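> The structure is given below, and queries will be raised subsequently.
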Amino acid sequence: MAGSFSWLRAPAALLVVFAVVGPVLDNYQLYVLSLIAVYVIFATGYNLLMGFAGQFDVGQAAFLAIGAYAAAILQIHLQLPFAVAVIAAGVLAVLFGLAIGVVVLPLRHFYLALVTLAFGQTVVLVLSLWRDLTNGFQGLPVPRPEIPGLSSNLAMYYITIGTAIVMVQAARNLVASRIGRAFVAIRESEIAASVLGISTVRYRLIAYAISAFYGGVAGALLATLLSYITPDAFRLTETIKVLTMIVIGGMGSIAGSIIGPIIVILGAEFLRISQSFQEITNGALLLGFIILAPMGIAGLALHRTTDLFGKVRSLLRRQ
Amino acid sequence: MLEIERLSVRHGNITALADVTLRVEPGATVCMLGANGAGKTTLLNTISGLLKAAAGTIRFDGREIVGARGHEIVRLGISHVPERRDLFPDMSVRENIMMGAYTRADDEVDADFDQVVTYFPILKERLSQIANTLSGGEQQMLAIGRALMAKPRLLLLDEPSLGLAPQVLDQIFEIIERINTENGTTIFLVEQNTQVALAVSSYGYVLETGKIVAEDKAANLLENDLIRRSYLGISESAE
Amino acid sequence: MLSQVLVNGVVIGCIYALIAVGFTMIYNATETVHFAVGESVMIGAYFLLTFWIVWDLPYLVALALTLLSAGAFGYAVYDRMVSRPLMSAGLLPRVVGLMGMAAIMKGLTRIIWGADAYHLPSALSTDPVRIGPIFIVPQEILIVVVTVAIIGLLFLFFQHTKLGTAMRATSQSRRAATLMGVNISVVFAATWVIGTILSAIGGVLLGPLLLVDPDMGELGIKSFTAAVLGGFGSLPGAIVGGILLGVSENLVAGYLRADWQNAATFVLMITVLAIRPTGLFGKPDKARV
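Residue numbers (my numbering), protein chains in the order written: chain Z, -8 to 310; chain V, 287 to 525; chain L, 11 to 299.
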């Protein structure tokens, strides 16, 4: 029995380390770590859909937006407790994820990208026009949960890190399960997968639902962490940011979904660069990695880095 | 005219052609026989620059052409009628034929156009028809006619017999012979249909899983019992 | 009212059609879904703004410079930096690469021109002229004339020039075109150049109708929608799709609510793909990609 629970040890140890370290960190460090945790959740869900199940989605920020606004509105208007609001945000996102999943079922490749792009922009448009509920472009304040004995920032740190560790572990288990193998089979070839008796309809919907749940929960936590949300924060730029994270981390790799957010967020914080420079560096990283190392850092670690140098050389020759 | 030495081609980790060596003399018609997947199309695609060679040399008129790009090789005088015709499906018959003269800027293009439609009178009746509405035989004629427009000295034909009814097949191979005798165009053709191919060829090679396993004068290949049974018999029984 | 809405819709639809034609040309020749097409529109508007307003050059000189720069940009940036290195990598990596390039362009625009929105003046008078029950401004007449002229020129180019024929041949079969002696790299480069110039013209024409700002590229989705409406890969489809989209938008704005105008784009795109992914003119086999 002990053996079957051995996977619990590493995440449990991580939880202990983060718990112990928490109180000695300053507010800024707590904020940055919380932000990374939120994006690790978001990126993990996105990677399950894109990297594992091979569904090309460019409207992922919509789930983040739905989660963020659901959490804010449920707490403000219905006075729901924080934990309930976060879970409800995740569930609401799942409903939207399933709806999109159904719409794109007969479609492949870039048609998925087009539908999800339109979906992402529709969500931003609705959020900015439905002023009674969302306060439009003015945005909404989001309450922070109060945990007795903990500062608000430390509480957020524990909540986000704890959730991230649990959800990443859940994703690792999922990937190793029958569902995870079905995702990969569908990504490699839907025809082959269906020949093997894998229901592509069911597993594509599962992939959308799960990644939407991760996006919704991440959105709820992000809104709470930032304390204030506007529709503008969930435009295509946000999807490109998380796309950059999973591409440089490694598509189809859970480790990559952790590495990517760390690099992108720490990079932005350390360099203290403006929004525009962040956009440029994210774009450049995205373009650079997709050309030189399409499997990301996780892929480079698996294969030899000489591949990369060979690729650079052949590119230079061709130019 | 065409000299290939120890040519190897790989598709990823799979060796598609290994150590292929062959010669095509000027003015000759030579065929490469072999079953599906033997590497015949790979060989033609490598000659015409669509695929990269892993090792070996291909010389055309004594000049090394390995490494030249596809669009440059046509200009040297090699025209390739590709597998499954590969016409421009939404262009008319006339446009398809004229695409064959893409590399040319001389004023004999019109005369050559007339010659092509003389070879294939049926195309003349269908000049403004869209290519993908043609029958299989007409498409093959169009593909050959299109390749002739480049005024090739060497014509590469990839399975011209594919999917053709017997009468059409005879008609096309008769034209292939005429192209060789009347224009003096050298022809290198790859085929599964041994009988027809050897009938128009002076020399033949047999390719099996990327290697040349036999070569001889066409007449000898036809009479060689072992070859007939091992390699050529397959296509006879398949007919 | 209706005829006025239709006229406005056709006018803006003409611009969408131009952008969608460039987008479709690029898709047909290079099998690349140009996810940065909106940013090409944006740089067209910013180039004209710079040459005409900031540098104070005469309009026609500024326009010529804008189109030249857009063409050079199409070659140097899209063709050489994104399309070529990713040509053998497949369609999705090219889309990702273009999204990265779009982000770079957006960020650079914010740094170079600032985050503020500019208003690009019209080349012609904006005083409406009355034709029967319809008011139309000379600028709008110019838009329709320019669109018809460009589409006519493109038609002649495709039918009667060597490069145009090579471009058509390449989009029908890359392998066969190569065997005919067509240098595919040249065709790709030319396609990016022409496609980017068409988008830039779109930006030049849209500039006076909208605000010019770094997020202007988001209207790239309109050209995707136009292409989807007409059937992906069909040039006549792109033209009809663009005009249909322009008209639908104006119907929504005129009869429902003005700020729902953009929703028309998204709803149309999602509905068409959900119900008839092949659009109006698409071929069933191509749509199943």
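Cβ coordinates follow ideal geometry from the N, Cα and C atoms, glycine included.
Values in this document were obtained by computation on a predicted structure and should not be read as measured data.
Of all the CB atoms in chain Z, is at least one closer than 8 Å to the CB of L:Asn272?
Stepping through the third sequence from its first residue, residue 272 of chain L is reached at position 262. Yes, contact with chain Z.
> Counting only beta-carbon atoms, is L:Leu101 nearer than 8 Å to chain Z?
On the third sequence, position 91 is the one that residue 101 of chain L refers to. L:Leu101 counts as touching chain Z.
> Please report the residue range of the alpha helix (DSSP H) in which Z:Thr221 lies.
Taking the first sequence and counting its residues from 1, the one referred to as residue 221 of chain Z is at position 230. Note, Z:Thr221: premise wrong, no alpha helix (DSSP H); not H, not E.
> State the Cα-Cα distance for the pair Z:Gln310 and V:Arg355, rounded to the nearest angstrom.
Counting from one through the first sequence, the residue named residue 310 of chain Z turns up at place 319. Counting from one through the second sequence, the residue named residue 355 of chain V turns up at place 69. Confidence is the limiting factor: at Z:Gln310 the pLDDT is only 41, short of 50, which leaves the residue's position unreliable, though a coordinate-based value still follows. Roughly 16 Å separates the two Cα atoms.
> Considering only the alpha carbon of each residue, which of V:Ile300, V:Leu373, V:Asp372, V:Ile290 lies closest to V:Thr332?
Mapped onto the second sequence, residue 332 of chain V falls at position 46. It is V:Ile290 whose Cα lies nearest to the Cα of V:Thr332.
> Would you decide whether L:Gln169 is buried or exposed? Buried here means 16 or more other CB atoms lie within 10 Å of its CB.
Translated into the one-based positions of the third sequence, residue 169 of chain L becomes position 159. By the neighbour-count rule (16 or more Cβ atoms within 10 Å), L:Gln169 is not buried but exposed.
> Using the Cβ count rule (16 or more neighbours within 10 Å means buried), how would you classify L:Phe61?
What you label residue 61 of chain L is simply residue 51 of the third sequence in a count that begins at 1. Per the 10 Å Cβ criterion, buried.
> Taking C-beta pairs closer than 8 Å, name the residues in chain V that L:Gln182 reaches, listed in chain order.
For this step, residue 182 of chain L is matched to residue 172 along the third sequence. In chain order: Phe374, Pro375, Asp376, Met377.
> For a contact meaning CB atoms closer than 7 Å, what does V:Leu336 contact in chain L?
Counted from its first residue, the second sequence places residue 336 of chain V at position 50. Going along chain L in sequence order, the residues near V:Leu336 (Cβ under 7 Å) are Arg185, Thr188.
> Where do the ends of the alpha helix (DSSP H) carrying V:Arg345 lie?
The sequence position of residue 345 of chain V within the second sequence is 59, counting from 1. Note, V:Arg345: premise wrong, no alpha helix (DSSP H); beta strand (DSSP E) at 341 to 346.
> Among the residues of its own chain, which have a CB less than 6 Å from the CB of Z:Asn38, if the five just before and after it don't count?
By one-based count along the first sequence, residue 38 of chain Z stands at place 47. Ile237, Ser248, listed in sequence order.
> Once DSSP output is grouped into helix, strand and coil, what is the label at V:Asp502?
Locating residue 502 of chain V in the second sequence gives position 216, counting from the first residue. Residue state, collapsed to three classes: strand.
> Would you kindly check if the distance between the Cβ of L:Val203 and the Cβ of L:Tyr85 is under 8 Å?
Within the third sequence, numbered from 1, the residue matching residue 85 of chain L stands at position 75. Within the third sequence, numbered from 1, the residue matching residue 203 of chain L stands at position 193. Going by C-beta atoms, L:Tyr85 is nearer than 8 Å to L:Val203.
> Which same chain residues end up closer than 7 Å to L:Glu41 when comparing Cβ atoms and leaving out the 5 residues on each side of it in sequence?
The sequence position of residue 41 of chain L within the third sequence is 31, counting from 1. Only Leu101 meet the Cβ criterion.
> Cβ of V:Leu319 within 8 Å of Cβ of V:Ala505?
Counting from 1 along the second sequence, the entry for residue 319 of chain V is found at position 33. Counting from 1 along the second sequence, the entry for residue 505 of chain V is found at position 219. No, these two residues do not count as a Cβ contact at 8 Å.
> Spatial neighbours of L:Val262 within its chain, please: CB distance less than 8 Å, with the 5 preceding and 5 following residues excluded, ordered by chain position.
Position 252 of the third sequence holds residue 262 of chain L. Counting only Cβ-Cβ distances below 8 Å, and skipping sequence neighbours, we find Trp270, Gln271, Ala273, Ala274.
> Can you give me the start and stop residues for the beta strand (DSSP E) that V:His366 sits inside?
Residue mapping note: residue 366 of chain V aligns to position 80 of the second sequence, counting from 1. 364 to 367 is the span of the beta strand (DSSP E), which, as asked, contains V:His366.
> Name the residue from L:Thr171, L:Ala176, L:Ser50, L:Met190 whose alpha carbon lies nearest to the alpha carbon of V:Pro438.
Translated into positions along the second sequence, residue 438 of chain V becomes position 152. When each option's Cα is compared against that of V:Pro438, the closest is L:Met190.
> Put V:Glu350 into one of helix, strand or coil per three-state DSSP.
In the second sequence, counting from the first residue as 1, residue 350 of chain V sits at position 64. Strand at V:Glu350.
> Classify L:Pro138 as helix, strand or coil using the three-state DSSP reduction.
Taking the first residue of the third sequence as 1, we reach residue 138 of chain L at position 128. Coil.
> For chain L, is any of its Cβ atoms less than 8 Å away from the one on V:His297?
In the second sequence, counting from the first residue as 1, residue 297 of chain V sits at position 11. Output row for V:His297: interface = no.
> Any contact between the stretch 37 to 55 of chain Z and the stretch 78 to 94 of chain Z? By contact I mean 3 or more CB pairs, one from each, below 8 Å.
Yes: at least three Cβ pairs fall under 8 Å.
> Can you give me, in chain order, the residues of the stretch 116 to 146 of chain L that have a beta carbon less than 7 Å from any beta carbon in chain Z?
Cβ contacts with chain Z come from Lys116, Gly117, Leu118, Arg120, Ile121.
> Residues of chain L with CB closer than 8 Å to the CB of Z:Pro285, please, in chain order.
Numbered from 1 along the first sequence, position 294 holds the residue referred to as residue 285 of chain Z. Chain L residues near Z:Pro285: Ala99, Pro103.
> At a cut of 8 Å, does the stretch 209 to 225 of chain Z reach the stretch 120 to 133 of chain Z through at least three beta carbon pairs?
With a cut-off of 8 Å, the stretch 120 to 133 of chain Z and the stretch 209 to 225 of chain Z count as touching, because enough Cβ pairs lie within range.
> How many Å lie between V:Phe399 and V:Leu428 at the Cα?
For the purposes of this step, residue 399 of chain V is taken as the residue at position 113 of the second sequence. For the purposes of this step, residue 428 of chain V is taken as the residue at position 142 of the second sequence. In a straight line, the C-alpha of V:Phe399 is about 12 Å away from that of V:Leu428.
> Compute the distance between the beta-carbons of Z:Ile231 and Z:Leu277, then report whether it is under 8 Å.
Taking the first sequence and counting its residues from 1, one reaches residue 231 of chain Z at position 240. Taking the first sequence and counting its residues from 1, one reaches residue 277 of chain Z at position 286. It is a contact, given that the beta carbons lie within the stated cut-off.
> Find the residues of chain L that neighbour Z:Pro97, judging by a C-beta separation of less than 7 Å, and give them in chain order.
Translated into the one-based positions of the first sequence, residue 97 of chain Z becomes position 106. Here the neighbours are Pro287.
> Taking the alpha carbon of L:Leu28 as the reference point, which residue from L:Leu16, L:Gly292, L:Ala127, L:Gly256 has its own alpha carbon closest?
Indexing the third sequence from 1 puts residue 28 of chain L at position 18. The shortest Cα separation from L:Leu28 among L:Leu16, L:Gly292, L:Ala127, L:Gly256 belongs to L:Gly256.
> Using 8 Å for Cβ pairs, my map puts L:Ala30 next to L:Gly252. What's the rounded Cβ distance?
For the purposes of this step, residue 30 of chain L is identified with residue 20 of the third sequence, where counting begins at 1. For the purposes of this step, residue 252 of chain L is identified with residue 242 of the third sequence, where counting begins at 1. At roughly 5 Å, the Cβ-Cβ gap stays under 8 Å, so L:Ala30 and L:Gly252 are in contact.
> Along chain L, in chain order, which residues have C-beta atoms closer than 9 Å to that of V:Tyr388?
On the second sequence, residue 388 of chain V is found 102 positions in, with the first residue counted as 1. Going along chain L in sequence order, the residues near V:Tyr388 (Cβ under 9 Å) are Lys172, Thr175, Ala176, Ala179, Ala187, Met190, Gly191, Val192.
> Helix, strand or coil: which one does DSSP assign to Z:Gly13?
Against the first sequence, residue 13 of chain Z aligns to sequence position 22. Note: Z:Gly13 maps to helix in three-state DSSP.
> For Z:Ala109, decide whether its Cβ has a neighbour in chain L, counting only Cβ atoms nearer than 8 Å.
Taking the first residue of the first sequence as position 1, residue 109 of chain Z is located at position 118. Yes, contact with chain L.
> Tell me whether L:Val192 sits in a helix, a strand or coil according to DSSP, three-state version.
Stepping through the third sequence from its first residue, residue 192 of chain L is reached at position 182. L:Val192 falls in the coil class under three-state DSSP.
> Shorter than 8 Å from the beta carbon of V:Pro368 to some beta carbon of chain L?
For the purposes of this step, residue 368 of chain V is identified with residue 82 of the second sequence, where counting begins at 1. Chain L contact via Cβ: present.
> Under DSSP, the beta strand (DSSP E) around L:Phe145 begins and ends at which residues?
As a first step, residue 145 of chain L must be located in the third sequence, where it is residue number 135. Here the beta strand (DSSP E) through L:Phe145 covers 144 to 146.
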